[in-house]
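Report on one structure; see the data block that follows.
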Ligand SMILES: [Zn+2]
């Protein structure tokens, strides 16, 4: 099972109506970057966003970062070197596995 599948599996088994911030941010990113959310995920996320100012701030910042990336980096066709990409991937995976 890949790291991505492991995390998706973990979250899909533990989605409740009252999400913690870690699950909410995961769902926000999943919605933005990967796929549509299930009805239960979408509803739980909406409820969490109503009550959590930290995740609302995260969403605003994430939207700004994505806008910046698409306007400045993707539009100019700037690419990371393969070695840098792999370093970033392993850093992310190591940090995900810590929690
Ligand atoms: Zn939150």
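In our numbering, the protein residues as written are 1 to 99.
Where is the CB? At the ideal position from N, CA and C, for every residue including glycine.
Does ligand 1 have even one heavy atom less than 7 Å from the beta-carbon of residue 24?
Checking every heavy atom of ligand 1 against the Cβ of residue 24, one is found closer than 7 Å.
Which same chain residues end up closer than 7 Å to residue 54 when comparing Cβ atoms and leaving out the 5 residues on each side of it in sequence?
21
Unbroken beta strand (DSSP E) runs of length 3 or more, entirely within the segment 23–77: which are they?
none
CB residue 28 to CB residue 50, shorter than 8 Å?
no
Looking only at its chain, what residues have a beta carbon closer than 7 Å to the beta carbon of residue 47, apart from the 5 residues adjacent to it on each side?
17
What is the DSSP secondary structure of residue 79, reduced to helix, strand or coil?
coil
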